[in-house]
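*Asks:* Residue numbers (our numbering), protein chains in the order written: chain A, 3 to 244; chain B, 3 to 244; chain C, 3 to 244; chain D, 3 to 244.
Built from N, CA and C at the ideal position, the CB exists for glycine as well.
Have a look at the structure that comes next, please.
Number of protein chains: 4
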Amino acid sequence: MSKKINVTIWNEFRHEKTDENVKNLYPNGIHGKIAEFLSECDDINVTLAALDDPYQGLPDEVLNNTDVLMWWGHMAHHEVDDALVERIRSRVYNKGMGFIALHSAHYSKPFQRIVGTSGNLSWGDDQKEIMWNLMPSHPIAAGIPDHIVLDVEELYAEPFAIPQPDELVFTSWFEHGFIFRSGCCYRRGAGKIFYFQPGHESCPSYHNPVIQQIIKNAVHWAVPNDFGYNVDFGCPWIPAIV
Amino acid sequence: MSKKINVTIWNEFRHEKTDENVKNLYPNGIHGKIAEFLSECDDINVTLAALDDPYQGLPDEVLNNTDVLMWWGHMAHHEVDDALVERIRSRVYNKGMGFIALHSAHYSKPFQRIVGTSGNLSWGDDQKEIMWNLMPSHPIAAGIPDHIVLDVEELYAEPFAIPQPDELVFTSWFEHGFIFRSGCCYRRGAGKIFYFQPGHESCPSYHNPVIQQIIKNAVHWAVPNDFGYNVDFGCPWIPAIV
Amino acid sequence: MSKKINVTIWNEFRHEKTDENVKNLYPNGIHGKIAEFLSECDDINVTLAALDDPYQGLPDEVLNNTDVLMWWGHMAHHEVDDALVERIRSRVYNKGMGFIALHSAHYSKPFQRIVGTSGNLSWGDDQKEIMWNLMPSHPIAAGIPDHIVLDVEELYAEPFAIPQPDELVFTSWFEHGFIFRSGCCYRRGAGKIFYFQPGHESCPSYHNPVIQQIIKNAVHWAVPNDFGYNVDFGCPWIPAIV
Amino acid sequence: MSKKINVTIWNEFRHEKTDENVKNLYPNGIHGKIAEFLSECDDINVTLAALDDPYQGLPDEVLNNTDVLMWWGHMAHHEVDDALVERIRSRVYNKGMGFIALHSAHYSKPFQRIVGTSGNLSWGDDQKEIMWNLMPSHPIAAGIPDHIVLDVEELYAEPFAIPQPDELVFTSWFEHGFIFRSGCCYRRGAGKIFYFQPGHESCPSYHNPVIQQIIKNAVHWAVPNDFGYNVDFGCPWIPAIV
Numbered sequence: 003m004s005k006k007i008n009v010t011i012w013n014e015f016r017h018e019k020t021d022e023n024v025k026n027l028y029p030n031g032i033h034g035k036i037a038e039f040l041s042e043c044d045d046i047n048v049t050l051a052a053l054d055d056p057y058q059g060l061p062d063e064v065l066n067n068t069d070v071l072m073w074w075g076h077m078a079h080h081e082v083d084d085a086l087v088e089r090i091r092s093r094v095y096n097k098g099m100g101f102i103a104l105h106s107a108h109y110s111k112p113f114q115r116i117v118g119t120s121g122n123l124s125w126g127d128d129q130k131e132i133m134w135n136l137m138p139s140h141p142i143a144a145g146i147p148d149h150i151v152l153d154v155e156e157l158y159a160e161p162f163a164i165p166q167p168d169e170l171v172f173t174s175w176f177e178h179g180f181i182f183r184s185g186c187c188y189r190r191g192a193g194k195i196f197y198f199q200p201g202h203e204s205c206p207s208y209h210n211p212v213i214q215q216i217i218k219n220a221v222h223w224a225v226p227n228d229f230g231y232n233v234d235f236g237c238p239w240i241p242a243i244v
Numbered sequence: 003m004s005k006k007i008n009v010t011i012w013n014e015f016r017h018e019k020t021d022e023n024v025k026n027l028y029p030n031g032i033h034g035k036i037a038e039f040l041s042e043c044d045d046i047n048v049t050l051a052a053l054d055d056p057y058q059g060l061p062d063e064v065l066n067n068t069d070v071l072m073w074w075g076h077m078a079h080h081e082v083d084d085a086l087v088e089r090i091r092s093r094v095y096n097k098g099m100g101f102i103a104l105h106s107a108h109y110s111k112p113f114q115r116i117v118g119t120s121g122n123l124s125w126g127d128d129q130k131e132i133m134w135n136l137m138p139s140h141p142i143a144a145g146i147p148d149h150i151v152l153d154v155e156e157l158y159a160e161p162f163a164i165p166q167p168d169e170l171v172f173t174s175w176f177e178h179g180f181i182f183r184s185g186c187c188y189r190r191g192a193g194k195i196f197y198f199q200p201g202h203e204s205c206p207s208y209h210n211p212v213i214q215q216i217i218k219n220a221v222h223w224a225v226p227n228d229f230g231y232n233v234d235f236g237c238p239w240i241p242a243i244v
Numbered sequence: 003m004s005k006k007i008n009v010t011i012w013n014e015f016r017h018e019k020t021d022e023n024v025k026n027l028y029p030n031g032i033h034g035k036i037a038e039f040l041s042e043c044d045d046i047n048v049t050l051a052a053l054d055d056p057y058q059g060l061p062d063e064v065l066n067n068t069d070v071l072m073w074w075g076h077m078a079h080h081e082v083d084d085a086l087v088e089r090i091r092s093r094v095y096n097k098g099m100g101f102i103a104l105h106s107a108h109y110s111k112p113f114q115r116i117v118g119t120s121g122n123l124s125w126g127d128d129q130k131e132i133m134w135n136l137m138p139s140h141p142i143a144a145g146i147p148d149h150i151v152l153d154v155e156e157l158y159a160e161p162f163a164i165p166q167p168d169e170l171v172f173t174s175w176f177e178h179g180f181i182f183r184s185g186c187c188y189r190r191g192a193g194k195i196f197y198f199q200p201g202h203e204s205c206p207s208y209h210n211p212v213i214q215q216i217i218k219n220a221v222h223w224a225v226p227n228d229f230g231y232n233v234d235f236g237c238p239w240i241p242a243i244v
Numbered sequence: 003m004s005k006k007i008n009v010t011i012w013n014e015f016r017h018e019k020t021d022e023n024v025k026n027l028y029p030n031g032i033h034g035k036i037a038e039f040l041s042e043c044d045d046i047n048v049t050l051a052a053l054d055d056p057y058q059g060l061p062d063e064v065l066n067n068t069d070v071l072m073w074w075g076h077m078a079h080h081e082v083d084d085a086l087v088e089r090i091r092s093r094v095y096n097k098g099m100g101f102i103a104l105h106s107a108h109y110s111k112p113f114q115r116i117v118g119t120s121g122n123l124s125w126g127d128d129q130k131e132i133m134w135n136l137m138p139s140h141p142i143a144a145g146i147p148d149h150i151v152l153d154v155e156e157l158y159a160e161p162f163a164i165p166q167p168d169e170l171v172f173t174s175w176f177e178h179g180f181i182f183r184s185g186c187c188y189r190r191g192a193g194k195i196f197y198f199q200p201g202h203e204s205c206p207s208y209h210n211p212v213i214q215q216i217i218k219n220a221v222h223w224a225v226p227n228d229f230g231y232n233v234d235f236g237c238p239w240i241p242a243i244v
């Protein structure tokens with residue numbers, strides 16, 4: 003029996019407590035909904051974490067056993083402790099932990115710090131989104147059609163101040179004249195990072211089975227490699243080989 | 003006085019002779035129009051070439067003195083001589099000639115062969131296009147606003163079967179639900195390549211001053227470098243250095 | 003039971019018949035040796051093909067059932083039929099067949115044509131090579147140490163006239179002052195391509211277990227994706243979505 | 003007369019005061035030496051800055067007038083004020099300031115923070131280095147030969163825990179069996195970043211005219227673009243275009 007993938011889903015988990023519409027859409031929280039469909043994968047083991055949990059949900063015993071960390075945050079980015087951000091960044095770079103940034107996590111401290119971006123973008127009213135699949139050969143696009151229609155999502159619009167993705171898998175059309183790079187892969191240190199735009203708290207995107215499949219694919223892609231040497235090597239002096 | 007950039011604008015030049023609308027829009031041919039605005043640059047020297055010219059417009063004395071070759075073709079891709087395609091490819095790879103593929107040139111033999119792509123895409127009716135500037139730090143985006151509205155262009159749509167561009171400068175929104183990577187940079191051998199989507203024969207895009215500026219920028223970007231060694235080196239045997 | 007990966011190993015297979023040293027090193031041919039260690043993988047099904055076989059080893063019924071095509075050629079690149087090259091290219095771009103180019107295949111017609119490169123490089127006497135692993139997070143680097151010492155390989159040296167790899171996994175040091183990008187990934191159309199430098203006919207690199215592991219990893223990486231739509235879409239007209 | 007490029011050369015400037023050998027090699031400091039050869043360019047205006055200057059050499063009136071910031075640090079990375087690092091990062095991302103990280107600056111806070119890297123690498127004894135030019139078409143490689151021999155430099159060795167460079171211009175061979183990606187380009191936000199490895203304080207690399215030419219080229223490449231819109235756009239709400 004092969005080892006399971008430990009996925010920790012971190013959620014700010016505030017909107018779902020205070021906004022009736024969001025509560026109705028995601029009664030167990032956005033993280034609860036994601037956990038529900040990830041649990042359909044036999045090889046995934048899910049842990050839930052929230053901002054208001056002790057240690058902001060990520061004590062050492064959780065973070066240090068996480069293979070892939072998923073992050074949803076929006077209103078309270080500034081409340082996330084800088085020391086926690088540093089522990090997350092270090093685990094991605096030096097241990098290869100995968101990091102999946104969902105929706106407003108473009109502006110979260112871990113995403114900004116790990117990738118190296120301000121996360122700046124423009125945003126606007128909810129509208130129709132059509133997400134286009136630009137890289138059918140990519141593991142995250144496995145089984146995904148050439149486009150996906152989301153009847154309503156929050157507008158995120160270019161310019162998006164990110165480094166050009168190592169692999170740009172999805173780019174989205176928005177009804178009122180905008181586009182957005184909506185599925186972006188990066189490698190930083192020994193880790194892999196995926197930014198995925200859908201998932202506004204008042205929109206049902208995480209109920210969409212194709213969106214769910216993309217997130218399942220992303221988890222499998224972001225798993226740390228079976229490293230053939232210690233990738234947390236620091237800055238050592240080394241003797242001559244020849 | 004510094005050396006001028008020799009730009010050769012190759013045009014299939016058939017639509018402009020047979021279609022009244024196109025003739026009215028581009029009375030001197032699409033290449034003639036491009037030559038007109040490129041000639042505003044003091045450092046550019048333009049040569050015109052057309053499919054029905056002797057040697058398909060590109061005898062050795064022209065091609066071998068070209069720094070940047072611009073290509074507009076559509077209906078007659080198959081008429082372009084394979085030996086000419088090979089001479090173009092070789093000059094890009096081995097001498098660093100720039101190659102700018104305009105609009106339907108996504109399906110031209112030189113673009114397919116130089117970049118390594120089928121050039122496959124979907125297309126459809128003329129509609130509004132909004133081109134977004136994704137990389138303001140790129141030389142081709144110098145002075146270009148964050149978006150450009152083209153009231154009517156032919157639809158070119160994703161999936162576009164190109165390799166991920168080395169630099170994706172522009173991506174376009176189309177009115178009826180589509181997006182397209184509309185400004186794509188590649189390096190092949192010692193040469194630089196830019197694909198730029200606007201420019202259907204019945205649309206006035208080459209009259210748009212921002213589109214003109216992008217093409218001027220692309221010419222300056224695509225000029226062969228001042229190489230510090232012979233980049234047409236073949237496959238030589240070399241002795242030990244140490 | 004999941005579907006097996008059909009790997010076809012194409013070999014020029016001339017050196018092994020005419021050179022006593024090569025025959026001793028690879029008595030069943032280089033392709034035979036590779037087949038031997040690939041067969042250790044339960045999920046791989048190997049077919050052998052050689053230049054002097056009927057249809058140059060790749061009749062339709064073989065090529066059209068190949069998931070990953072491996073290519074070793076050296077002296078007889080020019081003998082490979084152009085129509086076959088075109089069938090290979092088309093299958094990579096339009097069906098997603100993986101293509102693994104070994105050693106002198108940098109100068110093979112399929113590699114040149116698929117990737118878009120002259121394949122130019124410099125070469126020299128056999129010498130010590132140390133291959134460095136630059137991307138431990140890459141599937142092809144799974145389980146591979148930070149460096150691999152090959153006591154003797156043919157010198158391949160920069161400049162190597164390839165497009166910058168989408169993922170540069172390995173770069174090698176050579177004893178007499180040279181380096182070479184020795185493990186290079188590309189995507190073209192729906193297909194994935196890996197160039198891997200070790201494997202001169204008179205050197206024992208394919209007997210090295212780490213080299214074998216890299217080739218096994220590359221096969222698994224290059225397998226066509228489970229595409230969610232028809233990636234052989236041509237250039238169709240499409241109606242409005244909205 | 004066109005505007006000059008304001009280059010600020012920041013140097014830790016400690017070794018040159020305490021080590022007799024370094025003082026002899028760089029009597030006016032490493033920054034002084036770089037200023038000397040940059041001043042050969044009519045279009046460059048140089049400002050010197052050092053760690054022990056007031057405001058660590060970069061008060062607002064200096065930083066906010068800098069087009070390209072060059073950084074040499076080694077022993078005192080930890081002394082650089084975090085607020086200064088943040089001001090530098092912000093100016094690169096949001097104003098497009100170029101950032102050139104020299105030698106040990108791989109481990110400097112600004113480089114780590116701007117690019118998104120631990121900067122980890124291995125290092126060792128001084129030895130012969132041969133730097134290979136992988137991208138002759140790049141502006142930073144203009145006029146540079148295919149390789150440069152440095153008789154003695156400090157060993158910096160792979161694995162180097164950087165993101166794959168957007169453009170990998172140089173990679174170096176080291177005498178005792180190592181290689182290193184020695185010339186690496188990145189884009190972050192609106193800014194361009196170049197990492198360049200030569201320049202240990204006890205080695206004469208900045209006296210080498212080819213190394214000087216590379217640094218001159220890098221300055222010209224890293225200059226902020228002529229942006230066509232406000233690239234410091236933050237995260238605004240935007241109304242519908244159509």
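For a contact meaning CB atoms closer than 7 Å, what does R189/D contact in chain B?
*Replies:* S139
*Asks:* Identify, in the order they occur along the chain, each residue of the same chain with its Cβ nearer than 7 Å to the Cβ of D127/A, setting aside the five sequence neighbours on each side.
*Replies:* For D127/A, same chain residues with a beta-carbon under 7 Å away, outside a window of 5 residues either side, are L157 in chain order.
*Asks:* Hey, N219/D and A107/D: beta-carbon distance below 8 Å or not?
*Replies:* Result no, Cβ atoms of N219/D and A107/D do not sit closer than 8 Å.
*Asks:* Between the alpha carbons of N96/D and G191/D, how many angstroms are there, rounded?
*Replies:* 6 Å
*Asks:* Kindly list the residues whose CB is nearer than 6 Å to the CB of N8/A, restricted to its own chain and excluding five residues on each side of it in sequence; keep chain order.
*Replies:* N47, N67, T68 and D69
*Asks:* I need the straight-line Cα distance from W239/C to W175/A, nearest angstrom please.
*Replies:* 19 Å
*Asks:* Return the residue from the list L40/A, N210/A, L86/A and G34/A that minimises the CA-CA distance to Q58/A.
*Replies:* L86/A
*Asks:* Whole angstroms are fine: how far does the CA of I11/C sit from the CA of V110/C?
*Replies:* Before going on, a small fix: residue 110/C reads as Ser here, not Val. Approximately 15 Å between the Cα atoms of the pair.
*Asks:* Please determine if the region 28-38 of chain B and the region 210-224 of chain A are in contact, where contact requires at least 3 C-beta pairs separated by less than 8 Å.
*Replies:* As far as the Cβ criterion goes, the region 28-38 of chain B does not touch the region 210-224 of chain A, which means the pair count is below three.
*Asks:* Taking its Cβ as the centre, do 16 or more other Cβ atoms sit within 10 Å of N226/D, making it buried, or is it exposed?
*Replies:* Per the sequence shown, the amino acid found at residue 226/D is Pro instead of Asn. Buried.
*Asks:* What's the gap between the Cα of V171/B and the Cα of L27/C?
*Replies:* 50 Å
*Asks:* Scan the region 168-180 of chain B for residues whose Cβ lies nearer than 9 Å to a Cβ of chain C and list them as they occur along the chain.
*Replies:* Those would be D168, E177, H178, G179 and F180, in chain order.
*Asks:* If you draw a straight line from the C-alpha of I164/C to the C-alpha of K19/A, how long is it?
*Replies:* C-alpha separation (whole angstroms): 55 Å.
*Asks:* Closer than 7 Å by beta-carbon distance: list the chain D residues that pair up with P233/B, in chain order.
*Replies:* Before going on, a small fix: residue 233/B reads as Val here, not Pro. Those within 7 Å of V233/B in chain D are P138.
*Asks:* Since V244/D meets chain B, which of its residues come closer than 8 Å, beta carbon to beta carbon?
*Replies:* K130, I132 and E177
*Asks:* Can you name, in chain order, every residue of its own chain whose Cβ lies under 8 Å from the Cβ of S207/C, other than the five neighbours on each side?
*Replies:* L152, E155, P200, G201 and I213
*Asks:* Classify K6/B as buried or exposed, calling it buried when 16 or more other Cβ atoms lie within 10 Å of its own Cβ.
*Replies:* Around the beta carbon of K6/B, a 10 Å sphere encloses fewer than 16 other beta carbons of the protein chains shown; the residue is thus reported as exposed.
*Asks:* For N232/A, does the count of other Cβ atoms within 10 angstroms reach 16, so buried, or fall short, so exposed?
*Replies:* exposed
*Asks:* To the nearest angstrom, how far is it from the Cα of I102/A to the Cα of I195/A?
*Replies:* Their Cα atoms are separated by approximately 6 Å.
*Asks:* Just to confirm my understanding: we take W125/D, look at its own chain, exclude 5 residues before and 5 after, and list those with CB closer than 6 Å. What are they?
*Replies:* L157 and Y158
*Asks:* Beta-carbon separation of E177/A and W134/B under 8 Å?
*Replies:* No. Outside cutoff.
*Asks:* Would a check of beta-carbon distances place Q199/A closer than 8 Å to chain B?
*Replies:* no
*Asks:* Checking 8 Å against the spacing of the C-beta atoms, do M77/C and R16/C come in under that value?
*Replies:* yes
*Asks:* Report the residue from I181/D, I132/D, E63/D and V82/D whose alpha carbon sits nearest the alpha carbon of D54/D.
*Replies:* Nearest to D54/D by alpha-carbon distance, out of I181/D, I132/D, E63/D and V82/D, is V82/D.
*Asks:* Counting only beta-carbon separations shorter than 8 Å, does Q166/B have a partner in chain C?
*Replies:* yes
*Asks:* Taking 8 Å as the cut-off, decide whether the C-beta atoms of T173/D and I181/C are in contact.
*Replies:* yes
*Asks:* Are the C-beta atoms of G230/A and some chain C residue less than 8 Å apart?
*Replies:* yes
*Asks:* From what residue to what residue does the beta strand (DSSP E) around W175/B run?
*Replies:* E169 to F176
*Asks:* Alpha carbon to alpha carbon, what distance is there between I243/B and F229/C?
*Replies:* 48 Å
*Asks:* Can you name, in chain order, every residue of its own chain whose Cβ lies under 7 Å from the Cβ of V64/D, other than the five neighbours on each side?
*Replies:* T10, T49 and A51
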